[in-house]
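Participant: So the sequence lines, in the order shown, correspond to chains A and B.
Quick note on this note's numbering: the first sequence kicks off at 1 and runs consecutively.
Quick note on this note's numbering: the second sequence kicks off at 460 and runs consecutively.
The beta carbon of each residue, even a glycine, is placed where N, CA and C say it ideally should be.
This structure is in structure tokens; I'll ask about it shortly.
2 protein chains.
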Amino acid sequence: MDVITTRELKEQLASLQGQSVTLQGWIRNHRKQKNMGFIDFFDGTCFRNPQVVYDNNVPGFDDIQALHVGSAVTVTGKVVPSYKDPETPEIQAESIVLEGDCPEDYPLQPKRHTVEFLREIAYLRPRTRLFQAVFRVRSVAAMAIHTYFQDRGYVYVHTPLITGNDAEGAGNTFTVTTLPAGSKADPSEDFFGKPTSLAVTGQLEGETFAMAFSKIYTFGPTFRAENSNTKTHAAEFWMIEPEIAFCDLDQLMDIEEDFLKAIVKTVMEKCPDELKFLDQFTGGGLIAKLEGLLSSTCARVTHDEAISILRKAMENGTEFKFEPKFGEDTAKEHEKYLTEEYFHSPVFVYDWPKDIKAFYMYQNDDGKTVSAVDLLVPGAGERMGGSQRETRLEKLEGRMDELGISKEEMYWYVNLRRFGGCTHSGFGMGFERLLIYLTGVDNIRDVIPYARTPQNCEF
Amino acid sequence: MDVITTRELKEQLASLQGQSVTLQGWIRNHRKQKNMGFIDFFDGTCFRNPQVVYDNNVPGFDDIQALHVGSAVTVTGKVVPSYKDPETPEIQAESIVLEGDCPEDYPLQPKRHTVEFLREIAYLRPRTRLFQAVFRVRSVAAMAIHTYFQDRGYVYVHTPLITGNDAEGAGNTFTVTTLPAGSKADPSEDFFGKPTSLAVTGQLEGETFAMAFSKIYTFGPTFRAENSNTKTHAAEFWMIEPEIAFCDLDQLMDIEEDFLKAIVKTVMEKCPDELKFLDQFTGGGLIAKLEGLLSSTCARVTHDEAISILRKAMENGTEFKFEPKFGEDTAKEHEKYLTEEYFHSPVFVYDWPKDIKAFYMYQNDDGKTVSAVDLLVPGAGERMGGSQRETRLEKLEGRMDELGISKEEMYWYVNLRRFGGCTHSGFGMGFERLLIYLTGVDNIRDVIPYARTPQNCEF
């Protein structure tokens with residue numbers, strides 16, 4: 001018995017017409033009539049699920065009619081033209097064998113469940129159409145990211161997750177320890193002989209590899225112990241952090257734009273059925289939004305220019321809850337205005353006030369700004385943050401001193417500026433925030449298999 | 460100025476002959492003669508590095524002669540036939556511009572350093588030929604793994620790293636907490652409202668996705684707080700854990716064999732220069748070993764049969780430090796004998812004594828063994844461990860009771876057997892152990908960018 005997947009069935013639908021095939025998967029819905037029945041069948045390899053039709057000539061007809069939603073089955077039958085839709089495969093069953101039963105109290109009944117309820121049964125939700133779409137997009141997008149970088153000669157680097165550095169994100173990190181809870185033992189008695197925490201970024205280690213391989217990227221988990229219960233915050237999430245040697249801020253923007261469009265394009269090509277479903281599920285506009293991104297060119301403005309635009313808008317009657325101010329951070333409403341009202345395109349905002357940005361960013365000649373860039377996207381806000389790195393030893397050290405970051409502890413990072421340093425730049429993108437953009441699903445809890453948020457670490 | 464990478468230079472070497480190109484990278488070695496000089500140049504995108512030749516017609520000849528090893532430079536020059544080797548590009552320099560200087564106390568001088576010394580300067584070692592080879596193989600192998608699974612319809616799943624489960628690996632886990640060191644606070648006051656630790660596997664969560672997508676894989680970091688200072692143990696490492704629905708132990712072995720050969724084949728195709736270097740560096744035999752794997756078929760024996768073979772060998776005079784015994788684990792020397800002396804091929808040993816294997820493995824009818832399988836590889840030992848999973852509810856619950864694993868806490872895992880369960884199997888492979896096999900480098904510390912081991916969490 002040669003089993004094929006529903007993906008193979010769909011891909012070879014024309015040539016399989018009239019042939020007998022065997023499929024293995026699950027019953028999503030089961031409608032019964034007196035002498036026949038219809039099974040919505042899925043095996044998770046394809047979003048376009050076949051319908052299995054059986055009649056009372058099939059052996060064990062009564063047992064088959066008794067099959068529950070959720071059960072695992074092996075179906076053998078003939079591929080026949082579908083009366084519904086030529087692209088949806090239909091199987092005229094010759095045999096249906098129960099592989100694993102499912103009781104009637106199965107929580108996933110064929111009706112619309114709320115996403116809140118589905119979060120409570122997160123171990124079953126991948127079987128729903130919504131999460132079949134979301135988690136396949138997640139997988140396809142992850143692969144698209146790897147393919148993008150590998151095709152362009154970037155080396156994939158696994159930066160460490162457990163770290164002894166506390167240069168970034170102090171106060172928002174998880175402690176990692178093997179000391180018993182409440183132990184008064186000295187950190188020197190801990191597993192690593194010192195205090196350690198979960199990394200909030202792989203960038204600094206990534207830079208050490210960019211100074212050897214020119215183009216590298218990381219793609220791994222990152223952790224923030226932020227007590228934020230919002231739709232966009234999770235304590236554990238995945239990040240992509242490319243770092244490119246001999247690359248300045250302008251070139252970085254070119255790369256960011258090309259990268260984002262390439263990922264969107266690949267997902268649109270590989271997941272058309274999933275996106276169509278998500279477009280409908282999330283109220284429409286998803287596909288138009290993604291197509292809009294592909295056809296637009298990202299605008300580029302300095303932070304000062306952006307503030308000027310916002311202030312002029314305010315003078316002309318646009319109401320903002322927060323006043324846009326030179327030298328200060330922008331709010332979500334400002335990002336929305338810039339992308340959706342003013343430019344009608346994604347916008348790179350660069351040359352940010354140095355006081356609200358990180359120590360490692362290149363200090364511009366004005367003494368006030370750094371060569372940082374945020375990419376703002378219509379319908380999403382900020383999706384990528386990058387910068388040209390400060391490569392001048394005395395400038396970097398000066399900034400570290402100002403901010404009280406230990407040059408001694410970070411000697412290896414500082415030394416990259418002593419030992420053959422060069423202009424280099426990189427950006428970071430939170431993978432889940434990209435997925436929120438790609439799927440239209442608006443809560444980070446629904447684009448991660450098992451979300452970790454304050455007071456929540458289930459499964 | 461259009462800059463090309465050394466990879467592009469090598470790929471287009473024939474068509475670029477006689478053309479002027481610009482490269483950016485670093486000086487690995489610099490040999491000077493009276494009226495000319497030779498620079499071993501690298502940018503990390505290609506293992507086959509060009510040689511840059513300059514003479515005293517180049518502007519700033521004296522400054523160029525003073526360039527230090529380790530410096531970053533921009534080189535423009537004509538591609539000329541190499542007198543050394545037709546495949547190694549040579550550049551006749553027209554200009555060489557210093558991008559970033561490197562002092563004479565640069566630790567990486569052009570001589571052979573010990574791997575122990577290089578571990579101390581792990582932030583610089585990616586610039587050496589050894590680690591250029593190792594970390595490119597790492598990146599290429601990671602991509603080969605993604606490509607293998609994605610091409611075959613597997614969905615990539617990010618299982619959580621922070622977990623509240625302690626079903627597996629109790630006692631060997633790192634605690635994750637935001638409570639201050641020494642705090643007597645109740646775990647309910649911790650970030651997640653309960654005790655949490657770093658995951659030792661993603662398999663159990665992976666199974667929940669296999670029951671929805673049929674074929675899934677994980678590829679992410681895993682943690683063990685084992686106080687083992689050996690060449691093969693690290694506290695943080697990457698694991699690949701595929702899980703396949705409607706797949707039994709025999710089919711799993713087919714997949715494992717196909718998978719391993721595919722990865723080896725891809726790395727051999729994509730990294731010929733790196734492997735040639737590593738073969739020489741590690742004393743020879745690496746490429747022959749990998750070729751041997753590709754041309755062999757994996758033998759398949761039960762654990763009982765394996766012990767019989769080993770005991771017969773012992774009776775015939777083979778000396779083992781540990782006596783091979785029925786019902787017990789095998790030692791490295793036994794694995795070596797089976798693969799290198801007896802079968803001369805990789806060997807699947809299956810049907811292991813249940814008492815030395817995990818609770819979730821399928822219990823065979825003999826009441827003594829489980830459908831587990833280890834793949835032993837010549838020159839490496841065990842590289843993959845897998846099993847058919849116990850899918851019968853009462854058998855699984857019985858085993859959990861015997862081992863004191865809470866069915867209540869793991870209700871979601873148990874429920875997979877209630878809600879449309881089916882025969883399914885999966886395996887786990889430590890990525891670094893694969894890399895030890897692929898590179899011939901024998902210490903796990905040298906195949907991870909920044910190794911975490913007891914008392915060591917630097918960079």
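1. If the cut is a Cβ gap below 8 Å, which residues of chain B does A/V176 touch?
2. Just tell me which of B/A473, B/D763, B/R611 and B/V511 has its CA closest to the CA of B/K827.
3. Return yes when the Cβ of B/G880 is within less than 8 Å of the Cβ of A/G70, no when it is not.
4. Beta-carbon separation of A/L286 and A/G440 under 8 Å?
5. Excluding the 5 residues flanking B/H489 on each side, which residues of the same chain have their C-beta closer than 7 Å to its C-beta?
6. Based on DSSP bridge pairs, tell me the residues matched to A/K10.
7. Please list, in chain order, all residues of the same chain as B/I815 whose beta carbon is under 6 Å from its beta carbon, the five residues on each side excluded.
8. Is the Cβ-Cβ distance between A/V53 and A/I91 less than 8 Å?
9. Rounding to the nearest angstrom, what Cα-Cα distance links A/F326 and A/I307 in this structure?
10. Closest Cβ-Cβ distance between B/G889 and chain A: below 8 Å?
11. Less than 8 Å separating the beta-carbons of B/N688 and B/P913?
12. Under 8 Å by Cβ, that's how I've got A/G206 and A/V157 pegged, so tell me the actual separation to the nearest angstrom.
13. For B/R683, return the contacting residues in chain A, with the cut-off set at a CB-CB distance below 8 Å.
14. With DSSP collapsed to three states, give me the class of B/G623.
15. Which stretch, first to last residue, makes up the beta strand (DSSP E) that contains A/T266?
16. Between the segment 469 to 483 of chain B and the segment 445 to 452 of chain A, are three or more C-beta pairs nearer than 8 Å?
17. Taking 8 Å as the threshold (beta carbon to beta carbon), is A/E120 in contact with chain B?
18. Using a cut-off of 9 Å between C-beta atoms, extract the partners of A/E205 located in chain B.
19. Is any non-hydrogen atom of the ligand GDP found closer than 7 Å to the C-beta of B/E778, if you look at the structure I gave you?
20. With a threshold of 8 Å between beta carbons, is A/M143 in contact with chain B?
21. Enumerate in chain order the residues of its own chain whose CB-to-CB distance from A/L98 is below 8 Å, with the five nearest sequence positions on each side excluded.
22. So, are the CB atoms of B/L663 and B/F633 less than 8 Å apart?
23. Going along the chain, which residues of its own chain have a beta-carbon closer than 6 Å to the beta-carbon of B/C831, five neighbours each way excluded?
24. Just mark A/G426 as buried or exposed, buried being the case when its beta carbon has 16 or more other beta carbons within 10 Å.
25. Cβ closer than 7 Å: which chain B residues qualify as neighbours of A/S139?
26. Check each candidate in A/Y342, A/A299, A/V370 and A/R383 and name the one with the smallest Cα separation from A/F348.
27. If the cut is a Cβ gap below 7 Å, which residues of chain B does A/D43 touch?
28. Does DSSP put B/I815 in a helix, in a strand, or in coil?
29. Looking only at DSSP bridge pairs, what is A/H424 linked to?
30. Hey, is A/K407's beta-carbon within less than 8 Å of any beta-carbon in chain B?
31. Return the Cβ separation of B/S479 and B/G536 in integer angstroms, given the expectation that the two are a contact with Cβ distance under 8 Å.
32. Along chain B, which residues have their Cβ under 8 Å away from the Cβ of A/L13?
33. Can you give me the start and stop residues for the alpha helix (DSSP H) that B/D919 sits inside?
34. Could you spell out the range, first to last residue, of the beta strand (DSSP E) harbouring B/F497?
35. If you draw a straight line from the C-alpha of B/L835 to the C-alpha of A/E256, how long is it?
36. Here's a check: name, in chain order, each residue in its chain whose Cβ is nearer than 8 Å to the Cβ of A/I121, leaving out the five neighbours to either side.
Facilitator: Per the coordinate set shown:
1. F633, T634, V635 and L657
2. B/D763
3. no
4. yes
5. G496, I498, L526 and V528
6. Its beta-bridge partners do not exist; DSSP assigns none.
7. D788
8. yes
9. 6 Å
10. no
11. yes
12. 6 Å
13. In chain order: nothing, as chain A lies at least about 10 Å away.
14. coil
15. Careful: A/T266 lies outside any beta strand (DSSP E), inside the alpha helix (DSSP H) at L249 to K270.
16. no
17. no
18. Y582, P908, Y909 and F918
19. Inclusion of the ligand GDP in the displayed structure is not the case, the ligand content being empty and no account of it being possible.
20. yes
21. D63, L67, S71, A72 and V73
22. no
23. Looking at the sequence shown, residue 831 of chain B is not Cys but Ala. W811, K816, M820 and S846.
24. buried
25. V614 and Y615
26. A/A299
27. S673
28. helix
29. A/A245
30. no
31. 7 Å
32. Residues of chain B passing the Cβ test: none, with the nearest at roughly 16 Å.
33. Only positions 460 to 918 of chain B appear in the structure, and residue 919 of chain B is not among them; the question remains open.
34. M495 to F501
35. 44 Å
36. P107 and L108
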